[in-house]
Each structure stands twice: as structure tokens, then as C-alpha cells.
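Going by numbering that gives the first Met the number 0, the letters in the sequence shown line up with residues 0 to 97, in that order. Each remark here refers to the structure printed beneath this line.
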Amino acid sequence: MSRRFARGLLDMVTQGTLDLAIVPLLAMHNESFRVWALFSDRLAVMADDGHPLHRRQNLTLNDLVDQEWLLPGSQFTLRQQVDSAFRRLALPQPPLEN
Numbered sequence: 000m001s002r003r004f005a006r007g008l009l010d011m012v013t014q015g016t017l018d019l020a021i022v023p024l025l026a027m028h029n030e031s032f033r034v035w036a037l038f039s040d041r042l043a044v045m046a047d048d049g050h051p052l053h054r055r056q057n058l059t060l061n062d063l064v065d066q067e068w069l070l071p072g073s074q075f076t077l078r079q080q081v082d083s084a085f086r087r088l089a090l091p092q093p094p095l096e097n
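Structural data, given as C-alpha cells:
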């Protein structure tokens, strides 16, 4: 058993050190791997009752552009998904909390 970031696990599979790895689909860049999707993740926005968006019913990424975000580093799949979604819609990247 081995615990590493997805890129490290994929490198180990490529090198033959591991037979298989469970990684986020976005980490897959090698078409020689056979891939089976195990789940479909859904992301949600959560806001406390004092936040201006709290009572909104349907939010879009455009509604969130000016919000301050706290996200993991760019090596994490969640961050890559968020960045990709903003790029796909030609929206500016949200300001990040340091």
C-alpha cells in the first residue's frame, strides 16, 4: 500500500512499481492506462446565514467571481476542477485567501 499524490502514483504505475492506483480522473494523462470511474463527485457551495449569498437559490460561477476563496494548492484535483471551470466560462479566477 502506498500513499502519494496522484502524479506520484501514476508515475509508479508507469514504472511498474505499482500494479494499480486510485486517483482522480483529472490526473489521468496517459492513454495506455485502463481507467474505470468509481464515483462521480459533486461540489457544493456552503455559506453561513450571515453571508449575502445565503438566501440565493441557484448560484452560478459568475455569482462567485468576486467572492474570496480558500482552495488547496494547484497540485490538487479540486483546485484544478475549479480553475478549469472558471477558464471554460472565460471568467476571471476568484481571489484566493493566502
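Built from N, CA and C at the ideal position, the CB exists for glycine as well. Note that the structure is a prediction, hence the values are computed from the model and not measured.
- Task: Measure the alpha-carbon distance for A46 versus P23 and round it to whole angstroms.
- Result: 26 Å
- P94 to G49 span [Cα, whole Å]: Annotation: P94 to G49 spans about 20 Å, alpha carbon to alpha carbon.
- Just mark L19 as buried or exposed, buried being the case when its beta carbon has 16 or more other beta carbons within 10 Å. exposed
- Item | L52 beta carbon less than 8 Å from that of L60 | no
- Query: Counting only runs that start and end within the stretch 3-46, where is the alpha helix (DSSP H) found for 4 or more residues in a row?
  - Reply: If we require 4 residues or more, the alpha helix (DSSP H) runs fully inside the stretch 3-46 come out as 5-14.
- Item | Spatial neighbours of D62 in its chain, beta-carbon cut-off 8 Å, leaving aside the 5 residues before and after | Closer than 8 Å at the Cβ level, and outside the excluded window around D62, lie L52 and R55.
- Query: CA-CA distance, G72 and D65?
  - Reply: Rounded to whole angstroms, G72 to D65 spans 19 Å at the Cα level.
- Task: Return the chain-ordered list of same chain residues with a C-beta closer than 8 Å to the C-beta of W68, the five sequence neighbours on each side being excluded.
- Result: Cβ contact annotation for W68 (same chain, cutoff 8 Å, sequence separation greater than five): V81, P93, P94, L95 and E96, in chain order.
- Query: What first and last residue would you give for the alpha helix (DSSP H) that runs through A84?
  - Reply: T76 to R87 is the span of the alpha helix (DSSP H), which, as asked, contains A84.
- Return the CA-CA distance between L70 and L77, expressed in angstroms with no decimal places. 8 Å
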